[in-house]
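Here's the structure we're looking at; comments come further down.
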Amino acid sequence: LGGDGTFNEALQGITDFDCVEIGYIPTGSSNDLARDLGIKGDPSFLLSRILVCDKPHLMDLGRLTYHDSASERSRLHEEKDSDTRYFAVSCGIGYDAAICEEALASHFKNTLNRLGLGKLTYLTIALKQLILTKRGNCTITLDGKEPFELKSFLFIATMIHRFEGGGFMFCPDADAQDGRFNLCAVGPIAKLRILFALPSALKGQHYRYPHIYPYDGASVHIEADRPFWVHTDGEVSRKSSSITIECLQKKIHLLK
């Protein structure tokens with residue numbers, strides 16, 4: 102019972118995904134998982150469906166591995182966080198993760214959530230981070246093939262589902278059962294142009310802008326020239342310059 106972050110935290114406590122079925126009632130500020138699955142309605146109605154569901158909906162599971170860690174940690178991180186994290190919706194490095202890190206520490210998020218205005222938290226922080234976020238260079242390796250360079254990148258979103266950040270359809274072709282990620286990699290696009298590209302991402306039309314690239318793969322390795330914030334389903338613990346992301350096909354058993 103919660104948002105994408107609450108669902109993410111539940112995943113971290115599962116040791117055998119083949120033996121666990123998860124019921125989910127969305128009450129968060131983003132609810133991108135519920136948006137992609139069409140889960141909506143009164144919580145008591147959703148609960149009644151969960152209780153009679155006899156055939157779980159199978160979904161892919163993402164696994165993030167940190168290969169290094171910067172000394173700077175998230176303001177709400179645990180003292181002993183794991184080098185591995187699971188995720189259900191997306192994993193991002195760079196700008197999108199920086200937004201999540203600040204939002205997690207925001208005193209206004211819970212208040213705005215109660216008023217049904219949770220998206221304003223992310224919108225305000227997104228504009229601020231667009232100014233503050235420093236770019237870097239990185240190499241991306243998909244499925245162990247030849248790495249390629251992405252210069253002056255703003256962020257890379259590795260997606261299982263289509264939506265991230267409260268309705269941005271960064272990967273309109275994402276399929277949560279195909280055992281592969283879809284990536285949205287944003288390179289050296291001018292920050293002013295981002296102000297136009299981001300709204301178009303609400304309908305998945307952002308790839309018409311230069312330096313926004315779609316990729317796909319079952320495994321992704323990213324090596325950056327310095328540490329950046331990394332998120333899993335909006336949850337942030339640390340900065341890293343070297344991460345590997347793997348897709349585990351149909352590991353989540355969801356009751357819906």
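Heads up: the sequence shown begins at 102 in the working numbering, then just goes up one per residue.
Just so you know, even glycine gets a beta-carbon here, dropped at the ideal spot from N, CA and C.
CB-CB length for residue i against residue j, believed under 8 Å
i: Leu243; j: Val287; result: In fact, because the Cβ distance is near 17 Å, the residues do not count as touching under 8 Å.
i: Ile313; j: Ile257; result: Their Cβ separation, rounded to whole angstroms, is 11 Å, which puts Ile313 and Ile257 out of contact at 8 Å.
i: Thr225; j: Tyr196; result: Not a contact, Cβ separation roughly 15 Å.
i: Pro311; j: Leu284; result: Contact doesn't hold; Cβ gap of about 17 Å is too wide.
i: Thr98; j: Phe249; result: Because residue 98 is not part of the residues shown, which for the chain are 102 to 357, the question remains open.
i: Leu356; j: Gly104; result: About 18 Å separates the two Cβ atoms, so there is no contact after all.
i: Ile346; j: Leu165; result: 5 Å
i: Ser264; j: Asp161; result: Residue 264 is actually Phe in this sequence, not Ser. Rounded, the Cβ-Cβ distance is 15 Å, inconsistent with contact.
i: Pro280; j: Gln350; result: Looking at the sequence shown, residue 280 is not Pro but Gly. Rounded, the Cβ-Cβ distance is 3 Å, consistent with contact.
i: Gln230; j: Ala189; result: 24 Å between Cβ atoms; not a contact.
i: Gly245; j: Ser320; result: 7 Å
Straight-line gap, residue i to residue j (C-alpha atoms, nearest Å)
i: Lys352; j: Phe297; result: 37 Å
i: Pro328; j: Cys154; result: 43 Å
i: Ser341; j: His168; result: 8 Å
i: Glu122; j: Leu152; result: 11 Å
i: Pro300; j: Met270; result: 10 Å
i: Ile344; j: His322; result: 6 Å
i: Lys181; j: Ser175; result: 12 Å
i: Asp119; j: His354; result: 8 Å
i: Cys192; j: Ser145; result: 31 Å
i: His332; j: Asp117; result: 23 Å
i: Thr128; j: Ser149; result: 16 Å
i: Asn277; j: Ser172; result: For the sequence presented, residue 277 should be read as Ala rather than Asn. Taking the straight line from one Cα to the other gives about 34 Å.
i: Gly318; j: Leu303; result: 23 Å
i: Ser131; j: Phe108; result: 12 Å
i: Ile261; j: Ala275; result: 6 Å
i: Gly106; j: Arg309; result: 30 Å
i: Gly237; j: Trp330; result: 12 Å
Beta strand (DSSP E) segment containing residue i, residue limits
i: Thr95; result: Any property of residue 95 remains undetermined from this structure, which presents the chain solely from 102 to 357.
i: Arg339; result: Glu336 to Leu356
i: Leu251; result: Phe249 to Phe254
i: Ser170; result: No beta strand (DSSP E) holds Ser170; DSSP gives it neither H nor E.
i: Ile126; result: Taken as a continuous stretch (DSSP letters only), Ile126 belongs to no beta strand (DSSP E), as it is neither H nor E.
i: Cys192; result: Ser191 to Gly195
Exposed unless 16 or more other CB atoms sit within 10 angstroms - verdict on residue i
i: Ala227; result: buried
i: Ser253; result: exposed
i: Leu410; result: Since the displayed the chain opens at 102 and closes at 357, residue 410 lies outside it and no answer follows.
i: Ala291; result: exposed
i: Gly139; result: exposed
i: Ala206; result: exposed
i: Ile126; result: buried
Simplified DSSP state of residue i, which is helix, strand or coil
i: Asp161; result: strand
i: Asn283; result: strand
i: Thr333; result: strand
i: Thr234; result: coil
i: His312; result: coil
i: Gly139; result: coil
i: Ile257; result: strand
i: Ala275; result: coil
i: Asp182; result: coil
i: His307; result: helix
i: Asp326; result: strand
i: Asp317; result: strand
i: Gly118; result: A small fix is needed here, since residue 118 is Phe in this sequence, not Gly. Here Phe118 sits in helix by DSSP.
Span of the alpha helix (DSSP H), counted from its first residue to its last, around residue i
i: Ile151; result: Pro144 to Val153
i: Thr185; result: It is not in any alpha helix (DSSP H) - Thr185 instead sits in the beta strand (DSSP E) that spans Thr185 to Phe188.
i: Ala298; result: Lys292 to Ser301
i: Phe108; result: Asp105 to Gln113
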